[in-house]
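Here's the structure we're looking at; comments come further down.
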Amino acid sequence: MIEIKGVTKSYNGSTKAVEHLDLTVPKGEIFGFLGPNGAGKTTTIKMLTGIIRADKGTIRINQVDIAENPLEAKKQFGYVPDSPDMFLRLKGLEYLIFMADIYEVPKEVRRERIEKLAARFDMSAALNDPIQSYSHGMRQKIVVIGVMLHDPSVWILDEPLTGLDPKSSYTLKEMMREHVNAGNTVFFSTHVLEVAEKLCDRVAIINKGVILFCGTFREMQEHFKKNGSLESLFLELTNNE
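Take the sequence shown: its letters are residues 1 to 241, numbered as in UniProt numbering.
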């Protein structure tokens with residue numbers, strides 16, 4: 001579960017990237033976080049994951065305050081950033097072992113999880129190759145596998161489908177649904193509105209640091225008294241700001 005209450009973040013003491021943000025994402029839900037470039041999505045995700053601190057407000061993950069107890073809070077989630085270009089000199093398997101060490105995954109457990117996840121993403125044959133030799137999509141997959149190793153209840157995914165081939169994209173979307181069906185939480189940021197419309201249980205649309213709408217796609221249609229796509233409603237909302 002994710003709870004964001006009254007969160008504000010300014011840069012240079014004047015420019016508000018996020019203003020009085022309130023969001024609650026319960027267990028059992030894929031939550032889509034949408035907005036144009038510069039809307040405040042990245043700032044929100046960086047605060048949610050503890051990369052930067054909020055100026056005001058509280059952020060709790062599974063009831064753990066990330067400002068007061070950052071290490072315990074970070075154990076609650078797995079985070080896929082918007083760029084997979086990291087630890088390029090390591091081999092794929094070395095990176096996964098490193099991630100398992102950080103999250104204290106027992107050796108008898110990590111081996112089985114690595115094998116299962118690598119097989120599911122068609123990465124088994126590439127684990128002994130350097131990550132710098134991987135394509136963008138393969139780098140994305142190794143990062144996804146790494147954040148799943150400690151089996152966190154909360155997934156925070158920032159553009160996770162970028163660069164994935166159709167089979168891997170389908171696999172990840174399938175795993176997201178399996179994850180929430182097991183009573184867990186997925187916070188999913190994407191620019192692909194068609195995917196969000198089909199996949200997410202609820203969405204929030206942010207622009208200029210303010211939430212313009214939060215609810216189901218059907219609720220959005222009823223609010224605007226239209227039967228348009230999420231894309232058309234998104235454009236109407238953000239173009240009016």
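The C-beta atom is built at its ideal place from N, Cα and C for all residues, glycine as well.
Local conformation of residue i per DSSP, three classes
{"i": "R113", "result": "helix"}
{"i": "E19", "result": "strand"}
{"i": "V159", "result": "Looking at the sequence provided, one finds Glu at residue 159 rather than Val. In the structure shown, E159 sits in coil (DSSP, three-state: anything other than H, G, I, E or B)."}
{"i": "K41", "result": "helix"}
{"i": "Y170", "result": "helix"}
{"i": "residue 289", "result": "For the chain, the structure presents residues 1 to 241; residue 289 sits outside this window and is missing."}
{"i": "T49", "result": "coil"}
Minimum C-alpha distance to residue i - residue among the options
{"i": "I4", "options": "F217, F187, E231", "result": "F187"}
{"i": "K56", "options": "L230, N239, D122, K16", "result": "K16"}
{"i": "W155", "options": "K27, C214, L233, S232", "result": "K27"}
{"i": "G163", "options": "D129, T190, A182", "result": "T190"}
The alpha helix (DSSP H) enclosing residue i, as first and last residue numbers
{"i": "R139", "result": "136-148"}
{"i": "F98", "result": "92-102"}
{"i": "V192", "result": "Where V192 is concerned, there is no enclosing alpha helix (DSSP H), given that its DSSP letter is neither H nor E."}
Within 9 Å, strictly: CB atoms of residue i and residue j
{"i": "G92", "j": "Y134", "result": "yes"}
{"i": "P160", "j": "V210", "result": "no"}
{"i": "R89", "j": "Q132", "result": "yes"}
{"i": "I2", "j": "L199", "result": "no"}
{"i": "A204", "j": "L71", "result": "no"}
Limits of the unbroken beta strand (DSSP E) element including residue i
{"i": "E29", "result": "29-34"}
Q: Spell out a yes or no on whether the stretch 68-87 and the stretch 131-141 are touching, meaning 3 or more CB-CB pairs, one atom from each, closer than 8 Å.
A: yes
Q) Can we say the stretch 94-112 touches the stretch 141-153, given the rule of at least three CB pairs closer than 8 Å? A) yes
Q. Would the stretch 166-180 and the stretch 114-127 be scored as touching if the rule is three or more Cβ pairs under 8 Å?
A. Touching, per the Cβ criterion.
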